[in-house]
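Engineer: Residue numbers (the UniProt record's numbering): 1 to 220.
By construction, the Cβ of each residue, glycine as well, lies at the ideal position given by its N, Cα and C atoms.
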Amino acid sequence: MKTPVKVTLITVAVVVALILAAVIYVLVNQRSTPSPGGEGEPASVVRPNSHVLDDGGEGAVTVVEFLDFECEACGAFYPIVEDIREKFAGQITYVVRYFPLPGHTNSTNAALAAEAAAGQDRFEDMYHRLFETQAEWGESQESRADLFRGFAEELGLDMAAYDAAIADPETLARVEMDLNEGQALGVSSTPTFFVEGEPLELQQWNDLEDAITQALSTAP
């Protein structure tokens with residue numbers, strides 16, 4: 001009669017141990033996986049450290065683009081975006097955020113180059129250089145980090161500071177923060193635009209301009 005009791009006690013002990021292990025696993029993962037905007041913060045379309053290309057000031061319509069510098073669609077939209085920025089100058093605040101797609105070898109390298117340039121207040125210059133040269137390096141299966149470093153030299157950046165920024169884990173963390181927050185917001189492809197905090201479903205080339213015009217017409 002003692003054996004069944006012993007087996008039962010062992011079984012109960014194993015089950016309790018498994019439950020405790022599961023609880024500990026969940027708690028550890030909750031602590032080690034911060035939310036995109038920080039502990040307990042919901043995902044936000046714009047952050048204080050987001051890169052602003054144009055600041056339209058109070059009352060301006062806010063446009064946010066999640067982009068991948070290697071993405072061909074982003075490259076195709078680049079001249080359209082530049083036209084829109086010029087057309088709506090002073091009326092919109094234009095923000096860009098990183099969303100490097102995993103299938104592109106140099107997406108993250110390009111984002112790191114842009115972020116390193118941002119540390120020297122040259123983000124927009126690197127932004128232009130990366131898109132204007134995309135045909136030279138896009139879809140390459142080899143790292144083009146050296147090419148991007150050459151862009152930094154051509155822009156006259158402090159190369160010691162640039163190299164330090166590229167090597168700094170915080171630079172990659174900054175890029176990944178945008179990526180993670182984009183995913184939390186439902187971004188899955190690039191370019192993805194938000195106008196006044198609302199995601200825009202692109203079907204035609206002029207959809208972005210139309211959405212901005214609509215937002216301006218209803219602005220207080």
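#1: Inspect the CB distances between the segment 100-120 and the segment 81-88 and report whether three or more fall short of 8 angstroms.
#2: Take residue 166 and list the residues in its own chain whose beta-carbon comes closer than 6 angstroms to its own, dropping the five residues that flank it on each side.
#3: Cβ atoms of residue 193 and residue 65: under 9 angstroms apart, would you say?
#4: Buried or exposed: where does residue 126 fall if 16 or more other Cβ atoms within 10 Å of its Cβ makes it buried?
#5: Check whether the segment 95-115 touches the segment 140-148, taking contact to mean three or more Cβ pairs, one atom from each stretch, closer than 8 angstroms.
#6: Output the distance between the C-alpha atoms of residue 27 and residue 161, rounded to the nearest integer angstrom.
#7: For the beta strand (DSSP E) that residue 54 lies in, which residues bound it at each end?
#8: In chain order, what are the residue ranges of uninterrupted beta strand (DSSP E) at least 3 long that sit wholly in the segment 78-117?
#9: Any contact of the segment 137-146 with the segment 69-82, i.e. 3+ C-beta pairs under 8 angstroms?
Structural biologist: Let's see:
#1: Verdict: no, contact absent.
#2: Against the sequence shown, residue 166 aligns to sequence position 166. If the five residues before and after residue 166 are omitted, its C-beta is found closer than 6 angstroms to the C-beta atoms of 112, 116, all from its own chain and listed in chain order.
#3: Your numbering for residue 65 matches position 65 in the sequence shown. Your numbering for residue 193 matches position 193 in the sequence shown. Closer than 9 angstroms, so yes.
#4: One-based indexing of the sequence shown puts residue 126 at position 126. Under a 10 Å Cβ-count criterion, residue 126 is classified as buried, with 16 or more other Cβ atoms of the shown protein chains found around its own Cβ.
#5: Output reads yes: the segment 140-148 touches the segment 95-115.
#6: The count along the sequence shown starts at 1 and reaches residue 27 at position 27. The count along the sequence shown starts at 1 and reaches residue 161 at position 161. Here residue 27 scores only 37 on pLDDT, less than 50, and its place in the model should not be relied on; the value that follows carries that caveat. Taking the straight line joining both Cα atoms gives about 39 angstroms.
#7: Position 54 of the sequence shown, counting from 1, holds the residue named residue 54. Per DSSP, the unbroken beta strand (DSSP E) holding residue 54 starts and ends at 51-54.
#8: Here the runs fully enclosed are 92-98.
#9: Judged by Cβ distances under 8 angstroms, the segment 137-146 makes contact with the segment 69-82, as three or more pairs qualify.
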